[in-house]
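Worksheet: one structure, shown below.
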Amino acid sequence: MTDPATYVAQSAITTVNIGELHFETGGYLPKVELAYETWGRLNAEKSNAILIQHALTGDTHVASSQLSPEAGWWEYLVGPGKTIDTDKWFVIAVNMVGGCYGSTGPSSLDGDKNPYGSRFPFVTIRDSVNAEAKLADQLGIERFHTVIGGSMGGGRALEWAAMYPDRVAGVGVIACGGQATAEQIAFAQAQVEAIRLDPHFKAGDYYGGPTPIQGLGIARRIAHINYRSEPELNVRFGRQFQGDENPLNSPVATRTGRYQVESYLDYKAKDLAGRFDANSYIALTEALMSHDVGRGRGGQAAAIAKITATPFIVAVNSDRLYFPEQSYQLAADFGPHTPVHMIDSPIGHDGFLTDLHQVADDMITTLGL
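The sequence shown begins at -4 in my numbering and counts up one residue at a time.
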């Protein structure tokens, strides 16, 4: 086991072999690697660890450090003197198994140096938690002070508290409910099918040739509409044309001009296609579709009743992916005195990334940070 004193504000990605992994639905890999970043120092008692879980296409880079100065996706939240104070806490963020930012996923090579592609096992949220528990074992972390995440990260945090109640003291579930609803599954299925219908997808075995960037781009467009709110899109873009691209001046048979909102979605599609693997997008999207803390546990209320971690439940008032009602139901299942801390943001689901500072004081008080 590595000396915990070596885990000091490194924040450069580290990759560790956690050994074999048996997947929930029957899949198996003889060797799985997990990539992670850390901030702060693990104390001698190993009692000051906080696990932060990324969202669907997120990564491990939660915050900057001396070794990796680029701003992270919760830059204002994590760091010396901040809400999650890395002078006090040892923070770790892990790339989910099935992803493409260093952890074993469909683009990883098998023992014969061939990409897994279509052979990569079906992954659930519970599989990701089991893999992360193996990593925690290697680091000597028996119990996390807090496991916290937003969106899919919130689902992973909740599963940690349900699967390993003795290893989680506090759980932060942000912009995520206790399960993926029928509507969320429907939107996710449309995204997955857009990728699979791309002529370059080749059943997932496209490595070494053209990649299904068109299908991945469509998937991202569908998703991003849910990440933002209708009022935000309307105020920001309205019906404005993109520069001089007047759609109404296009030839009768072909529209060549774009509205600003179309240009915005085109940009988001291109950005994701340049940094994310299509198979990983499918793997993690289907994992999120599997999210249901009550599955096999007698329903959500029964599952939550067995969680011993202190809950910190956060919703975004304009969220139309995970509606606030789901957070209220989750809080009610934790008990009648469990509040929902509300982020007031016009932008929608992505408010969990941009505006979590609104509930920072409540986070410190509730989770004992």
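Glycine residues also receive a C-beta, built at the ideal position from the N, C-alpha and C atoms.
Nothing here was measured: the structure is a model prediction, and the numbers come from that model.
For the putative contact between residue i and residue j, defined by C-beta atoms under 8 Å, what is the C-beta separation to the nearest angstrom?
i	j	result
proline 357	histidine 336	The question names proline, but residue 357 in the sequence shown is aspartate. Right, their Cβ atoms sit about 5 Å apart.
glutamate 19	aspartate 122	5 Å
glycine 93	leucine 279	6 Å
isoleucine 190	glycine 210	4 Å
alanine 370	alanine 304	Residue numbering for the chain in the displayed model covers -4 to 364; residue 370 lies beyond these limits and cannot be assessed.
glutamine 324	glycine 173	7 Å
histidine 344	tyrosine 222	5 Å
serine 59	glycine 53	Serine 59 to glycine 53, Cβ: 15 Å. No contact.
glycine 150	histidine 286	4 Å
cysteine 95	phenylalanine 318	So it is not a contact: roughly 29 Å between Cβ atoms.
isoleucine 338	valine 311	5 Å
proline 110	proline 116	Not a contact, Cβ separation roughly 14 Å.
glycine 269	glycine 199	Glycine 269 to glycine 199, Cβ: 20 Å. No contact.
serine 224	serine 313	4 Å
Tell me which same chain residues have a C-beta within less than 8 Å of the C-beta of residue i, skipping the five on either side of it?
i	result
isoleucine 359	Thr78
isoleucine 217	Phe182, Ala185, Gln186 and Ala189
threonine 9	Ala30, Tyr31, Glu32 and Thr33
So what does DSSP say about residue i, is it helix, strand or coil?
i	result
threonine 81	coil
proline 25	strand
phenylalanine 182	helix
glutamine 174	strand
glutamate 65	coil
aspartate 287	strand
phenylalanine 329	helix
asparagine 109	coil
glycine 14	strand
methionine 337	strand
tyrosine 201	coil
arginine 36	strand
proline 306	strand
glycine 94	coil
phenylalanine 115	coil
threonine 55	coil
Between the options, which has its C-alpha nearest residue i's C-alpha?
i	options	result
lysine 301	Met158, Ile120, Ala152 and Gly363	Met158
leucine 37	Glu65, Phe139, Phe271 and Lys265	Phe139
valine 124	Ala164, Gln48 and Arg114	Gln48
glycine 74	Tyr111, Thr33 and Asp105	Thr33
lysine 129	Val309, Arg253, Ile13 and Met284	Ile13
serine 98	Ile220, Ser275 and Gly135	Ser275
glutamate 137	Lys41, Arg315 and Phe232	Lys41
glutamate 154	Gly330, Asp339 and Leu283	Leu283
arginine 315	Arg162, Pro306, His219 and Val163	His219
aspartate 193	Gly212, Ala177 and Thr176	Gly212
Using a Cβ-Cβ cut-off of 7 Å (strictly less than) and excluding sequence neighbours within five positions of residue i, which residues of its own chain qualify?
i	result
alanine 50	Gly145, Ser146, Met147 and Gly148
alanine 298	Ala157, Val288, Gly289 and Arg292
threonine 251	Ser245
threonine 361	Thr305 and Phe307
alanine 126	Ile13, Leu16, Val27, Leu29 and Val92
leucine 104	Pro110
Can you give me the Cβ contacts of residue i inside the same chain, cut-off strictly under 6 Å, excluding the 5 residues immediately before and after it?
i	result
alanine 273	Ile190, Pro207 and Leu211
query = Does the region 229 to 237 come close enough to the region 171 to 191 that 3 or more CB-CB pairs lie under 8 Å?
reply = no
query = Is the region 240 to 251 touching the region 168 to 177, taking contact as three or more C-beta pairs under 8 Å?
reply = no
query = Can we say the region 255 to 263 touches the region 81 to 93, given the rule of at least three CB pairs closer than 8 Å?
reply = no
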